[in-house]
Structures are given as structure tokens and as C-alpha cells.
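Below: the structure, in C-alpha cells.
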Amino acid sequence: MNKIKIALLSLLISFAGLIAADDHNQYPPTFSMEGLQCNLAEGKDMDDAMKVIAKWKDYGDENFSAPYNAWILTAVYASKSDFPFDFAFTGYAFNGTDMGKVNDDWVNGGGAEKIGSQWEAITDCSQSLFTVVQARQSQMNFEEGSNSLMAIQTCSFREGKTGNDLAASDAEWNAWLDGLEYNGGVYRWWPGPGSPTSFEGDFYLAMGFESHEAFGKYRDDRMNSARAGTMPEGILNCDMPRIYSATNVRLDNNPSSE
Numbered sequence: 001m002n003k004i005k006i007a008l009l010s011l012l013i014s015f016a017g018l019i020a021a022d023d024h025n026q027y028p029p030t031f032s033m034e035g036l037q038c039n040l041a042e043g044k045d046m047d048d049a050m051k052v053i054a055k056w057k058d059y060g061d062e063n064f065s066a067p068y069n070a071w072i073l074t075a076v077y078a079s080k081s082d083f084p085f086d087f088a089f090t091g092y093a094f095n096g097t098d099m100g101k102v103n104d105d106w107v108n109g110g111g112a113e114k115i116g117s118q119w120e121a122i123t124d125c126s127q128s129l130f131t132v133v134q135a136r137q138s139q140m141n142f143e144e145g146s147n148s149l150m151a152i153q154t155c156s157f158r159e160g161k162t163g164n165d166l167a168a169s170d171a172e173w174n175a176w177l178d179g180l181e182y183n184g185g186v187y188r189w190w191p192g193p194g195s196p197t198s199f200e201g202d203f204y205l206a207m208g209f210e211s212h213e214a215f216g217k218y219r220d221d222r223m224n225s226a227r228a229g230t231m232p233e234g235i236l237n238c239d240m241p242r243i244y245s246a247t248n249v250r251l252d253n254n255p256s257s258e
């Protein structure tokens with residue numbers, strides 16, 4: 001996929017609020033993520049895309065010199081205005097250097113030329129890079145090829161709040177999520193190179209769920225907590241979540257998961 005030819009991500013995030021929720025003197029885990037938003041060519045469907053992705057995976061298994069995980073996202077609950085494409089491809093590496101290695105392996109090893117032309121014949125994709133900050137580690141059991149759900153929101157800091165407030169907020173929300181026995185991960189996706197200059201939020205908030213039932217339980221728990229007045233006070237304004245089916249297409253040492 002020539003669409004995955006990406007420059008090395010420079011991790012220049014300096015937000016003071018990217019402090020770990022449990023330890024104000026340490027930074028939380030971060031990862032590098034590349035996201036592709038793709039439309040299928042006329043007459044093509046997801047089966048065609050998955051056939052090429054399978055070839056990409058085989059190439060990666062033989063040639064990638066750094067861990068790299070990938071998921072395909074398709075809309076479950078999302079408006080066409082918020083999801084104006086057929087599917088998304090999200091790939092994760094431990095850091096920008098590893099992301100650069102993987103993309104060099106793709107280009108220099110011949111994958112972009114051999115498989116990329118097949119990809120471009122069936123898709124039209126835009127792409128961007130993100131720095132992912134882990135606010136809560138996932139306890140879900142992942143297997144290659146597994147399916148789960150992901151909720152994604154656009155978030156901005158409320159007036160008077162900044163990144164300096166994230167650590168305390170994370171600690172409070174994680175304690176609340178512990179009480180709900182929520183086992184998914186929570187991540188902040190900070191837009192990087194290739195992201196739209198029109199983006200008006202501060203970051204995307206992503207939460208993982210192992211099933212539709214788990215997502216439904218979370219919604220029930222939020223409503224019950226709001227009625228009881230036990231929900232933590234937020235420091236963010238977030239829009240309505242979009243819910244996506246997340247299909248794993250490559251799992252390698254788990255640099256990041258939902």
C-alpha cells in the first residue's frame with residue numbers, strides 16, 4: 001500500500017498533562033499510530049480489501065523489523081457525516097522510530113510496489129499520524145483476527161482546564177471505571193502529521209469494549225451513576241461517541257490495543 005508510505009513520526013508532545021494517572025512524576029505509555037480513512041473503488045467490497053490486507057500481513061510477518069499491530073474499523077453507530085468513508089485502517093507501533101522502521105521495511109523491501117498497486121486499485125485512502133497516550137491499560141484478551149468495539153469521541157478542554165489537569169482526572173475516572181469492572185483500554189489520540197488543519201478538538205478519546213453487551217452495560221452504568229451523583233466531574237467537553245467494529249488484522253507483541 002503506497003498509502004502507508006509515511007515519514008518518521010517526531011514525538012514532540014510536551015503537554016504537562018500527559019503525566020501518568022497513578023504517578024505524577026512519570027509519563028504514561030505512548031504509542032505511534034497511523035490512520036487511513038478509505039473508500040472502496042466502484043464494484044469493490046470489503047472482501048476485496050481483506051484479500052489484499054492478508055497479503056500485506058504475510059509480507060509484514062516476513063519483513064517488519066519492529067512490532068506493529070493493526071485493526072480495521074467499520075461503522076456500527078455513526079452518521080454518514082461523521083463517517084464519510086467505507087472503513088478505516090489503524091496501525092500501531094511502540095514509538096515513532098518503530099513506525100518509521102516498519103514503513104521503511106514496507107517501501108524498501110518491495111511491499112509497496114508489489115502489494116501497494118493492488119491496494120490502490122481497490123481503495124482511495126487519506127492518512128495521518130497520531131501520538132497515542134494510554135490513560136487506562138486494557139485488560140481484554142486479544143487474539144489475532146478477533147473482533148471488538150471501539151467508541152471514539154472528539155474532546156476539548158473545558159474553560160480553565162489544561163493538560164496539567166489530566167493526571168488527577170485520569171486517576172478519578174480510572175477509580176470509577178474500576179468500580180464498574182470495565183476491562184477495556186482508554187486512549188487519547190493526539191493528531192499529528194497529515195491530520196486536518198480544520199480539526200477543532202484537542203484530541204480524540206478512544207475506549208475499547210469486548211462486545212456489544214459490554215458496551216451496553218457501560219451505558220447503563222453511566223446512567224445509573226449520573227442518577228446517583230457518583231460520576232466523576234469532567235474536565236473535558238466531548239461530542240457524541242461513534243461506535244465502530246474493530247477487527248484485528250495483525251497482532252505482534254501488542255504495542256497498543258483497545
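When we follow our numbering, the leftmost residue of the sequence shown carries the number 1, and every step to the right adds one.
All C-beta atoms in this analysis are idealised placements derived from N, C-alpha and C, irrespective of residue type, glycine included.
What's the C-alpha gap between residue i and residue j?
{"i": "Gly60", "j": "Gly91", "result": "12 Å"}
{"i": "Asp170", "j": "Asn183", "result": "15 Å"}
{"i": "Thr74", "j": "Asn141", "result": "21 Å"}
{"i": "Gly208", "j": "Asn108", "result": "34 Å"}
{"i": "Gly96", "j": "Thr131", "result": "9 Å"}
{"i": "Phe157", "j": "Arg188", "result": "13 Å"}
{"i": "Val186", "j": "Lys161", "result": "20 Å"}
{"i": "Asp178", "j": "Glu143", "result": "24 Å"}
{"i": "Arg250", "j": "Lys55", "result": "11 Å"}
{"i": "Leu129", "j": "Trp119", "result": "20 Å"}
{"i": "Gly35", "j": "Gly192", "result": "10 Å"}
With residue i as the anchor, note down where its beta strand (DSSP E) starts and where it stops.
{"i": "Ile235", "result": "First-last for Ile235: undefined, no H or E at that position."}
{"i": "Ser245", "result": "Arg242 to Arg250"}
Measuring alpha carbon to alpha carbon, tell me which of the options ends up nearest residue i.
{"i": "Glu210", "options": "Ala54, Asp45, Ser117 and Glu181", "result": "Glu181"}
{"i": "Pro232", "options": "Val186, Met240, Arg222 and Pro241", "result": "Arg222"}
{"i": "Trp106", "options": "Glu62, Ser148, Gln153 and Phe87", "result": "Glu62"}
{"i": "Ala49", "options": "Phe31, Phe87, Thr230 and Gly192", "result": "Phe87"}
Tell me the residue span of the alpha helix (DSSP H) that contains residue i.
{"i": "Met150", "result": "Looking at the DSSP string, Met150 is not in any alpha helix (DSSP H); the run it does join, the beta strand (DSSP E), is Asn147 to Phe157."}
{"i": "Asn141", "result": "No alpha helix (DSSP H) holds Asn141; DSSP gives it neither H nor E."}
{"i": "Tyr92", "result": "Looking at the DSSP string, Tyr92 is not in any alpha helix (DSSP H); the run it does join, the beta strand (DSSP E), is Phe87 to Ala93."}
{"i": "Gly208", "result": "Counting along the chain, Gly208 falls outside any alpha helix (DSSP H), though it belongs to the beta strand (DSSP E) covering Phe203 to Phe209."}
{"i": "Gln26", "result": "That residue, Gln26, is in no alpha helix (DSSP H); it is neither H nor E in DSSP."}
| request: Pair every Cβ in the region 195–202 with every Cβ in the region 135–146, then say whether three or more of these pairs are closer than 8 Å. | output: Result no; under three Cβ-Cβ pairs closer than 8 Å.
| Does the count of Cβ pairs from the region 76–87 and the region 98–112 closer than 8 Å reach three? | The answer is no - the region 98–112 does not touch the region 76–87, with fewer than three Cβ pairs under 8 Å.
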